[in-house]
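Here our numbering = 1-based position in the sequence shown + 15.
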Amino acid sequence: MANMLNSEFTAIEAVLTTYLDGLYEGDVAKLGAAFHPCAHLFSARDGGVVDVPRAAWFDAVLSRPKPSEQGMARHDRIISIDMSGPETALVKLNCAIPPRYFTDYLMLLKTAEGWKIVSKSFHTDTQSA
Numbered sequence: 016m017a018n019m020l021n022s023e024f025t026a027i028e029a030v031l032t033t034y035l036d037g038l039y040e041g042d043v044a045k046l047g048a049a050f051h052p053c054a055h056l057f058s059a060r061d062g063g064v065v066d067v068p069r070a071a072w073f074d075a076v077l078s079r080p081k082p083s084e085q086g087m088a089r090h091d092r093i094i095s096i097d098m099s100g101p102e103t104a105l106v107k108l109n110c111a112i113p114p115r116y117f118t119d120y121l122m123l124l125k126t127a128e129g130w131k132i133v134s135k136s137f138h139t140d141t142q143s144a
C-alpha cells in the first residue's frame with residue numbers, strides 16, 4: 016500500500032512540475048498536458064467569482080511575456096498534496112510571475128490518461144519592486 020501511495024504522489028508531482036514549467040515557459044502544450052480539457056480557473060474579484068475556461072486561459076498565457084525569456088526567478092513551492100482517495104487529490108502551491116505572487120489550489124482527478132488538473136482556484140498578491 017505504501018509503495019502504491021508513493022507512486023501516486025510521484026505521479027502528481029510530475030503533473031505539478033509540468034504545470035509549473037508550463038507557467039514559467041509560457042508553454043500551453045505543457046499546460047495542456049497538466050490540465051484536463053474540462054478544466055476551469057476560478058478567482059474572486061470585486062465580491063464575485065471569475066470563471067475562466069482552460070482555452071481562454073491558454074490564450075492569455077500565449078499573449079503575455081514569458082517569465083523564462085525575461086530571466087525572472089522562479090518562486091515555485093508545493094505546500095501540500097492531500098489525497099482523499101485513489102482518484103482525487105488537492106494541491107496547494109505557490110508560484111509567481113513577478114510582481115504577481117500566486118497561491119493556487121489545484122483539484123486533480125486520476126483519469127484513464129493519468130492525473131489531470133480539473134480545477135484551479137487562486138489568490139494573487141501584487142508586490143511592488
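Heads up, the beta-carbon is just placed ideally off N, CA and C, and yes, glycines get one too.
Secondary structure of residue i, DSSP reduced to three states
i: proline 82; result: helix
i: glycine 62; result: coil
i: aspartate 91; result: coil
Selected residue, minimal CA-CA separation from residue i, among the options
i: alanine 75; options: Val133, Ser22 and Leu46; result: Leu46
i: proline 52; options: Ala71, Glu40 and Glu102; result: Ala71
i: phenylalanine 117; options: Asp140, Ala127, Ile132 and Pro101; result: Asp140
i: methionine 87; options: Gly63, Val64, Pro114 and Lys125; result: Pro114
i: histidine 90; options: Ser78, Asp119 and Gly100; result: Asp119
i: glutamate 23; options: Gln142, Lys125 and Phe137; result: Lys125
i: isoleucine 112; options: His138, Asp66 and Ile27; result: His138
Residue i vs residue j beta-carbon contact at 7 Å
i: aspartate 97; j: leucine 108; result: no
i: glycine 41; j: lysine 81; result: yes
i: leucine 56; j: lysine 135; result: yes
i: valine 133; j: alanine 54; result: yes
Expected contact under 8 Å - CB spacing of residue i and residue j to nearest Å
i: leucine 121; j: tryptophan 130; result: About 10 Å separates the two Cβ atoms, so there is no contact after all.
i: phenylalanine 73; j: valine 30; result: About 17 Å; that fails the 8 Å criterion.
i: serine 78; j: tyrosine 39; result: Actually they are not in contact, since the Cβ atoms of serine 78 and tyrosine 39 sit about 16 Å apart, beyond 8 Å.
Span of the alpha helix (DSSP H), counted from its first residue to its last, around residue i
i: alanine 48; result: 43 to 49
Extent of the continuous beta strand (DSSP E) to which residue i belongs
i: alanine 136; result: It is worth fixing the name first, because residue 136 is serine in this sequence and not alanine. Taken as a continuous stretch (DSSP letters only), the beta strand (DSSP E) holding serine 136 covers 129 to 141.
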